[in-house]
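Sequences listed follow chains A and B, in order.
To convert, note that position 138 of the first sequence is 243 in the working numbering; the numbers rise steadily by one, no gaps.
To convert, note that position 107 of the second sequence is 212 in the working numbering; the numbers rise steadily by one, no gaps.
Glycine is no exception: its CB is placed at the ideal position from the N, C-alpha and C atoms.
The structure appears below as structure tokens.
2 protein chains.
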Amino acid sequence: MRVTSEMPPIPWHKARRADTRQPLTPEAVVEAGIHVLDREGLEGLTMRRVAQELGTGPASLYAHVSGKDELLELMLERISGEIRLPGRPEPERWKEQIKEVCREAQRVYTAHRDITVVSLGGIQLGPNKLKVAEFVVGLLLSAGIPRQVAAYALDGLGQLIDSDAYEASLYTAKIAAGVDVDAYFDGVRDYLARLPEERFPLLKEMAETMVHGDGDERFEFKVEVFLRGLESYIER
Amino acid sequence: MRVTSEMPPIPWHKARRADTRQPLTPEAVVEAGIHVLDREGLEGLTMRRVAQELGTGPASLYAHVSGKDELLELMLERISGEIRLPGRPEPERWKEQIKEVCREAQRVYTAHRDITVVSLGGIQLGPNKLKVAEFVVGLLLSAGIPRQVAAYALDGLGQLIDSDAYEASLYTAKIAAGVDVDAYFDGVRDYLARLPEERFPLLKEMAETMVHGDGDERFEFKVEVFLRGLESYIER
DNA sequence: CGCGGCTTCGAACGCTGTTCGCTCTCGGTT
DNA sequence: AACCGAGAGCGAACAGCGTTCGAAGCCGCG
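In structure tokens:
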């Protein structure tokens, strides 16, 4: 209910949004989306919230983006552009370099909260993601891994990174929400330790071992295991 | 607007819901939830829809279940109970038996659409899930895999199963929605084949290889790779 | 100068999870 | 036998969601 609805527009208020914001392009919408995502997570990423970030209403976004799904995919592709690859592939260090890429990808995705659910949801073919894939597949082939194995491995590594980044982001979200994660894991350990001996002897006894290690350590381990498995496919 | 609001209750209508439905317990709510999930997927699983399934309104559910999140976790745990384990662990066949468990888990989860997003979201400690974990960790230890490695491996295998089942469910959902998945993959292959030579030489050339193989084949491969990697940790 | 097409956006639609408060039932106590 | 409190059931409502519609405004081209 604007009381000024009958009044002439105040001249120096005219281009108010244009002062602080560029004139609304798909890129600007994506950027605003990423801002909201970083601040409030995927759950808080609503079209209304993104529109607010741009000083407008939700309906305005639909001129630049077909809907929330497309916005999410554009955001994911934009974020994938942040992944930095090693300067040049070094085939003799293929395992180490693939690990570097995995670490970097995991770092970038985790930095943007739970964006990776989008990635888990389907194949992404944007240039930024493809660039990473091209680099990794090159390393695999140069290591002597058969083509079909390399293709499947690309899939597997992507899934590993995505699901791990998703899990990691949920913990950082919990921390941000004020949950004491250490206490949570203590609770899990105690729960396991108190399991009935006759049904879960191993889990009960391994309670301490089960909760040991942080996310990075576990991620590092999974990648190492996968790469060791891949190594066994090398043909000479 | 019931016109009978002033009339005495018609006796044989009295227990109308009780005739067809048990008197609403947490178990009944979970079961109804699974019915809706199977029929309409996680997206179609709403509190209203579950309530409708039970012949009541959404508010009634909250007496038995604290909210949608808890309902989902209860559903996941109930579904985990469908996973059948081999009769007894056979340490000399540990790899094959772990594969059997993975296949079975993947089958069960995929049969219930995209329920595994819940699993990706955190640690589940229900007895049904723990039973599977106990079995697998027993096999790993009996194979000579160090305790800490076994603990991490449990995590890794779970993640593999969950993310794969999630992906698989999305494709079956697409099929159910009438999408021609073969045509979709043909499109992906053509897209890859038409990539610019100078930027993506490998992906371009490997287009056919990249889209080769169905979900089961890829899943089988990933599990095999992971297990081969695990094998290298065995200490004698 | 006029006009057609694109952008902008207030309002609305149908949906969601959840809460409130009233009614009703039923088991246990006085 | 009477009562009463606890819990279950549930209609109504709230705040918020993604998305659509239609009117208005703007800009560049003819």
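Go through the segment 143-223 of chain B residue by residue and report every complete run of the alpha helix (DSSP H) that reaches 4 residues or more, in order. Annotation note: the segment 143-223 of chain B contains the following uninterrupted alpha helix (DSSP H) runs of length 4 or greater, listed N- to C-terminal: 152-158, 173-185 and 199-216.
So, using beta-carbon positions, are aspartate 219 of chain B and serine 274 of chain B closer together than 7 Å? Reading the second sequence from its first residue, position 114 is the one you call residue 219 of chain B. Reading the second sequence from its first residue, position 169 is the one you call residue 274 of chain B. Taking 7 Å as the Cβ cut-off, aspartate 219 of chain B and serine 274 of chain B qualify as a contacting pair.
Per the contact definition of three or more C-beta pairs closer than 8 Å, is the segment 280-296 of chain B in contact with the segment 225-234 of chain B? no
Looking at the unbroken alpha helix (DSSP H) that takes in methionine 311 of chain A, where does it start and where does it end? The count along the first sequence starts at 1 and reaches residue 311 of chain A at position 206. No alpha helix (DSSP H) holds methionine 311 of chain A; DSSP gives it neither H nor E.
Test: glutamine 202 of chain B CB closer than 7 Å to a CB of chain A: As a first step, residue 202 of chain B must be located in the second sequence, where it is residue number 97. Chain A contact via Cβ: absent.
In three-state DSSP terms, what is valine 284 of chain A? If you number the first sequence from 1, residue 284 of chain A lands on position 179. Residue state, collapsed to three classes: coil.
Using a Cβ-Cβ distance under 7 Å, would alanine 256 of chain B count as near chain A? Numbered from 1 along the second sequence, position 151 holds the residue referred to as residue 256 of chain B. At least one chain A Cβ lies under 7 Å of alanine 256 of chain B.
Step through the CB atoms of chain A and report whether any lies within less than 7 Å of the CB of serine 224 of chain B. For the purposes of this step, residue 224 of chain B is identified with residue 119 of the second sequence, where counting begins at 1. Serine 224 of chain B does not count as touching chain A.
Interface partners of threonine 314 of chain B on chain A, CB under 7 Å: The residue you call residue 314 of chain B lines up with position 209 of the second sequence. The contacting residues are Arg252, Gln253 and Ala256.
To the nearest angstrom, report how far apart alanine 248 of chain A and leucine 225 of chain A are at their CA atoms. Indexing the first sequence from 1 puts residue 248 of chain A at position 143. Indexing the first sequence from 1 puts residue 225 of chain A at position 120. Rounded to whole angstroms, alanine 248 of chain A to leucine 225 of chain A spans 27 Å at the Cα level.
Shortest alpha-carbon distance to arginine 323 of chain A belongs to which of B:Leu262, B:Arg144 and B:Tyr257? By one-based count along the first sequence, residue 323 of chain A stands at place 218. Of B:Leu262, B:Arg144 and B:Tyr257, the smallest CA-CA separation from arginine 323 of chain A is found for B:Tyr257.
Where the alpha helix (DSSP H) through arginine 64 of chain A begins and ends: Nothing can be reported for residue 64 of chain A: it is not among the residues displayed for chain A, which extend from 106 to 341.
For serine 274 of chain A, does the three-state DSSP call read helix, strand or coil? In the first sequence, the residue the question calls residue 274 of chain A occupies position 169. Helix.
Nearest to proline 196 of chain B by alpha carbon, out of B:Gly243, B:Arg189, B:Lys204 and B:Gly162? As a position in the second sequence, residue 196 of chain B is number 91, starting the count at 1. When only C-alpha atoms are compared, the closest one is B:Gly243.
Please compile the residues from chain A whose C-beta is within a distance smaller than 8 Å of the C-beta of glycine 308 of chain B. Start at 1 with the first residue of the second sequence, and residue 308 of chain B comes out as number 203. One detail in the question is off: residue 308 of chain B reads as leucine in this sequence, not glycine. The answer, in chain order, is Leu235, Ala238, Glu239 and Val242.
With burial defined as no fewer than 16 other Cβ atoms inside 10 Å of the residue's Cβ, what is the status of glycine 162 of chain B: buried or exposed? Start at 1 with the first residue of the second sequence, and residue 162 of chain B comes out as number 57. Per the 10 Å Cβ criterion, exposed.
Within chain A, partners of glycine 261 of chain B - CB distance below 7 Å: The residue you call residue 261 of chain B lines up with position 156 of the second sequence. Per Cβ cutoff of 7 Å: Lys327 and Val330.
Can you find the residues in the same chain that come closer than 7 Å, C-beta to C-beta, to arginine 333 of chain A, ignoring five residues on each side of it along the sequence? Here residue 333 of chain A refers to the residue found at position 228 when the first sequence is read from its first residue. No residues qualify anywhere along the chain.
Do alanine 270 of chain A and tyrosine 214 of chain A have their beta-carbon atoms positioned less than 7 Å apart in this structure? Residue 214 of chain A sits at position 109 when you count from the first residue of the first sequence. Residue 270 of chain A sits at position 165 when you count from the first residue of the first sequence. Going by C-beta atoms, tyrosine 214 of chain A is nearer than 7 Å to alanine 270 of chain A.
Per DSSP, what kind of secondary structure is alanine 133 of chain A in: helix, strand or coil? Taking the first sequence and counting its residues from 1, one reaches residue 133 of chain A at position 28. Helix.
Outcome for serine 268 of chain B when other beta-carbon atoms lying within 10 angstroms are tallied against a minimum of 16: Start at 1 with the first residue of the second sequence, and residue 268 of chain B comes out as number 163. Counting the other CB atoms within 10 Å of its CB gives serine 268 of chain B a total of 16 or more, which places it among the buried residues.
According to DSSP, is threonine 125 of chain B helix, strand or coil? Residue mapping note: residue 125 of chain B aligns to position 20 of the second sequence, counting from 1. Caution applies to threonine 125 of chain B, whose pLDDT of 49 falls short of 50 and renders its modelled position unreliable; the value that the coordinates give is listed next. DSSP places threonine 125 of chain B in helix when its eight states are reduced to three.
Here's the rule: buried if 16 or more other CB atoms are within 10 angstroms of the residue's CB, otherwise exposed. What is glycine 261 of chain A? Sequence index remark: in the first sequence, residue 261 of chain A carries index 156 (1-based). It is buried - the Cβ of glycine 261 of chain A has at least 16 other Cβ atoms within 10 Å.
Am I right that leucine 147 of chain B and valine 155 of chain B are in contact with their C-beta atoms under 8 Å? What's the rounded C-beta distance? The residue given as residue 147 of chain B occupies position 42 in the second sequence. The residue given as residue 155 of chain B occupies position 50 in the second sequence. With a Cβ gap of about 12 Å, leucine 147 of chain B and valine 155 of chain B do not count as contacting.
Expressed to the nearest angstrom, what Euclidean distance is found between the alpha-carbon atoms of cysteine 207 of chain B and phenylalanine 305 of chain A? Counting from 1 along the second sequence, the entry for residue 207 of chain B is found at position 102. Counting from 1 along the first sequence, the entry for residue 305 of chain A is found at position 200. Cysteine 207 of chain B and phenylalanine 305 of chain A: Cα-Cα distance of roughly 20 Å.
Please state the DSSP three-state secondary structure of glutamate 340 of chain A. Here residue 340 of chain A refers to the residue found at position 235 of the first sequence. Glutamate 340 of chain A falls in the coil class under three-state DSSP.
Mind checking the segment 136-147 of chain A against chain B and listing, in chain order, the residues whose C-beta falls within less than 7 Å of any C-beta there? none
Apart from the five residues on each side of it in sequence, which residues of its chain come closer than 8 Å, Cβ to Cβ, to tyrosine 338 of chain B? Counted from its first residue, the second sequence places residue 338 of chain B at position 233. Ile250, Pro251 and Val254.
Give me the residue from B:Pro191, B:Gln211, B:His217 and B:Tyr276 with the minimum Cα distance to glutamate 239 of chain B. In the second sequence, counting from the first residue as 1, residue 239 of chain B sits at position 134. Of B:Pro191, B:Gln211, B:His217 and B:Tyr276, the residue nearest in Cα terms is B:Pro191.
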